[in-house]
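Residue 1126 is where the sequence shown ends in our numbering, and the numbering goes up by one at each step.
I have placed the structure first, in the form of structure tokens, so that the comments after it can refer back to it.
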Amino acid sequence: MSCSQYLNRWRIVCAVVACVMVTGDRALATELKADEQVILFPTLGNRLATGDGWAMDIHGLVCEPENRRIARLILRKALGFDDSKLSAVEEKIFAERSGYFLADNERGVAITVRIGLTDHPAGRSAANGHFHGDLTVADKTLTPAGSSGKDREMPVLVSARDGRTFSGTVHLLETKGISVISDIDDTIKVSQVLDRDELLKNTFVRAFQPVAGMAEVYRAWATNDGASFHYLSASPWQLYVPLAGFVRSNGFPAGSFHLKQFRVKDETFLDLFTKPDVYKPTVIEPLLQRFPERRFVMVGDSGERDPEIYGALARKFPAQVRRIFIRDVTGQFAESERCRRAFDGVRPDIWKVFEDPAGLPLQLR
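Below you can see the structure in the form of structure tokens.
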């Protein structure tokens, strides 16, 4: 399927699904209903200049996952998955993953989060169901209190009136340390981005498969260097639940997630096709600016634009970008003119192209 054919199919499916799902985006609400759920995405916190607390990001989604058969059938047809081509296992996977693409997004729900010993208002959910909060939290209210001097994870809880509890994590990063910014598709997860049909199958109907050896390398960096991880992808937030499960079940270190906004029912579906070299710098640069004394390691692949993005960032932030590792998915990138251009002006000792993760160092310092 060509890119234009794929885009046209998505235009059709978005229009039809919008008509089918007339109950989505309900009127302004204030409390979480029994059929709604909260997903808390893993975010970041940085130490305050005063040294006695944290600036924390809160980001989550209020939604009612949708599994209406007719909407699912329309989406499946638009993606080119005919009934006869899906096994029972693939059918189950598609039903699970499509549910968040077709979800009813709940707007206007007031969110309060508990962090440590204190409750904090985290705003209301917007029309797309997402909510964001920027909190200042004192060390003395956290459990355990005070500073460990190391990066750590802080639980975040949202409690509903019916007794349900939804949990998430804020990763608290100290002023100095090592952060690994890792792409997901074809870097740690086999996606086959260069083959659009295979990419769709690997995204919607197949069990996610890890790139062999990458989890072991990441665990070594976490153990040997105390590295914290930031998982970055041009995939939409609708894939967060299965992606988080993939990271956890395959033994990758926990970390913050940075995905794209995407909504089936309005014009933001076009953003699914935004080039990574437009999207990714808008996520990475703020991280570098927010943590100016941390040192960053960037890991990606040659399938799309990771070399160009990371090379440009290394030239712009030479004191912070300490290592770049690019997985060669074609076996032809290392000696290419593209590679030379991507890393022109970047110190040759900080970047490395690899095919086998066994060639990566197990210590970064």
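All residues carry an ideal CB built from backbone N, CA and C; glycine is no exception.
These numbers come from a predicted model, not from an experiment.
Going by C-alpha distance, which of the options is nearest residue i?
| i | options | result |
| --- | --- | --- |
| residue 1103 | 865, 813, 1068 and 1049 | 1068 |
| residue 1054 | 799, 935 and 923 | 935 |
| residue 966 | 916, 856, 910 and 879 | 856 |
| residue 796 | 1087, 923 and 1002 | 923 |
| residue 985 | 841, 1123 and 848 | 1123 |
| residue 1023 | 997, 876 and 1117 | 997 |
| residue 1020 | 803, 956, 799 and 972 | 803 |
| residue 861 | 925, 1000, 1118 and 846 | 1000 |
| residue 1049 | 1082, 1038, 1062 and 1066 | 1082 |
| residue 830 | 809, 812, 811 and 853 | 853 |
| residue 832 | 864, 851 and 905 | 864 |
| residue 1041 | 968, 972 and 991 | 991 |
| residue 1117 | 1084, 1045 and 972 | 972 |
| residue 812 | 1110, 1011 and 900 | 900 |
| residue 920 | 882, 954 and 1047 | 882 |
| residue 969 | 976, 1004 and 1093 | 1004 |
| residue 847 | 956, 880 and 962 | 962 |
| residue 893 | 868, 903 and 878 | 868 |
| residue 983 | 913, 902, 925 and 1095 | 913 |
| residue 926 | 1097, 1110 and 799 | 799 |
| residue 814 | 1011, 915 and 989 | 915 |
| residue 891 | 956, 838, 1010 and 825 | 825 |
| residue 955 | 1091, 851 and 1044 | 1091 |
| residue 805 | 1047, 843 and 950 | 1047 |
| residue 995 | 1095, 1043, 989 and 1093 | 1043 |
Tell me where the alpha helix (DSSP H) around residue i begins and ends.
| i | result |
| --- | --- |
| residue 998 | No alpha helix (DSSP H) contains residue 998, which DSSP labels as neither H nor E. |
| residue 862 | 849-862 |
| residue 972 | Premise fails: residue 972 is in no alpha helix (DSSP H) and is neither H nor E. |
| residue 1067 | 1067-1077 |
| residue 837 | 830-839 |
| residue 959 | 957-965 |
| residue 1098 | 1098-1103 |
According to DSSP, which residues form a beta bridge with residue i?
| i | result |
| --- | --- |
| residue 1113 | 1086 |
| residue 892 | 821 |
| residue 871 | 885 |
| residue 898 | 815 |
| residue 805 | 932 |
| residue 866 | 824 |
| residue 1021 | 997 |
| residue 950 | 946 and 971 |
| residue 798 | 824 |
| residue 989 | 940 |
| residue 927 | 919 |
| residue 876 | 879 |
| residue 1016 | 990 |
Tell me where the beta strand (DSSP E) around residue i begins and ends.
| i | result |
| --- | --- |
| residue 822 | 814-825 |
| residue 916 | 913-920 |
| residue 944 | 939-944 |
| residue 1056 | 1056-1062 |
According to the Cβ coordinates, are residue i and residue j closer than 8 Å?
| i | j | result |
| --- | --- | --- |
| residue 801 | residue 939 | no |
| residue 1080 | residue 1107 | no |
| residue 1051 | residue 807 | yes |
| residue 841 | residue 929 | no |
| residue 944 | residue 993 | yes |
| residue 870 | residue 793 | yes |
| residue 866 | residue 888 | yes |
| residue 979 | residue 1018 | no |
| residue 859 | residue 836 | yes |
| residue 1119 | residue 974 | yes |
| residue 886 | residue 872 | yes |
| residue 1078 | residue 1113 | no |
| residue 932 | residue 1006 | no |
| residue 879 | residue 902 | yes |
Less than 8 Å between the CB atoms is what I'm expecting for residue i and residue j, so what's the real figure, rounded?
| i | j | result |
| --- | --- | --- |
| residue 823 | residue 874 | With a Cβ gap of about 13 Å, residue 823 and residue 874 do not count as contacting. |
| residue 942 | residue 1059 | 5 Å |
| residue 947 | residue 1064 | 5 Å |
| residue 1088 | residue 1115 | 6 Å |
| residue 1070 | residue 1038 | 5 Å |
| residue 1011 | residue 976 | 5 Å |
Cβ-heavy atom distance between residue i and the ligand ATP below 7 Å?
| i | result |
| --- | --- |
| residue 981 | The ligand ATP is not part of the structure shown, which contains no ligands of any sort. |
Under a CB-based cut-off of 8 Å, is residue i close to chain D?
| i | result |
| --- | --- |
| residue 1003 | Here chain D cannot be found, since the structure has a single protein chain. |
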